[in-house]
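**Student:** The numbering of the sequence shown is UniProt numbering, which starts it at 1 and goes up by one. Note that beta-carbon positions come from the ideal geometry of N, C-alpha and C, so glycine has one too. Predicted model, so just to flag it, every value in this text is computed and none were measured.
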Amino acid sequence: MFYKTAKNASNYKICKTALANLNFENPEIIVEEDKNAVITDFTLTKNGLFYVKTKNGVEAKLYHFKENKEQNISIPKPSGSINLTSKNSKSKDLWIEIEGWTNNEERYHYNDKTTLFTEENLGEIVEFNELNDITIEEIEVTSHDGIKVPLSIMLKKA
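1. In the DSSP assignment, find the beta strand (DSSP E) that holds V58 and state where it starts and stops.
2. Leaving aside the five residues before and after N103 along the sequence, list all residues of the same chain whose C-beta is less than 7 Å from its C-beta, in chain order.
3. Have a look at the DSSP bridge pairing and note the partners of G100.
4. Determine, using beta carbons only, whether I75 and F117 come nearer to each other than 9 Å.
5. For L131, which of G123, K156 and Y51 has the nearest alpha-carbon?
6. D112 and N68 - do their beta-carbons sit closer together than 9 Å?
7. Beta-carbon separation of L84 and I96 under 9 Å?
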């Protein structure tokens, strides 16, 4: 059984324990906590473990953990949020739903062999033309006390 826990990991970690002998005190740690990003979602497919890390609540990235290696998967566009869906751990199907400052929720199917995404929205996507001329930059600035503070900059495209 795979599960996400904040026990001794405020940004979460993904662990595994046997159903026949549940051991939440000393599980196998599959994905260690990332001190700079929060593990926000995960799912299992036939092709391995997929999970999302979100930095500062606005920069979401997709990862694939297979054969003890973490691989970053490029998503169709920058997103503040990624939600994962799969049929089950015996199916290779994986869908992601992404959204961000300048894009509404969009749904994609991931092909693990080609590493490509195909758009598969369940309904019509409403376009907001006002956002077409906006670009977003996510940075960190150092405050007077030396702490890095996230800053989202929204600019009109040049």
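**Tutor:** The answer reads as follows:
1. Unbroken run through V58: none, as it is neither H nor E.
2. Contacts found: K77.
3. Note: G100 is bridge-paired with N103 in the DSSP secondary-structure output.
4. Yes, these two residues count as a Cβ contact at 9 Å.
5. By alpha-carbon distance to L131, the top candidate from G123, K156 and Y51 is K156.
6. No; because the gap between Cβ atoms is not below 9 Å, this pair is not in contact.
7. Taking 9 Å as the Cβ cut-off, L84 and I96 qualify as a contacting pair.
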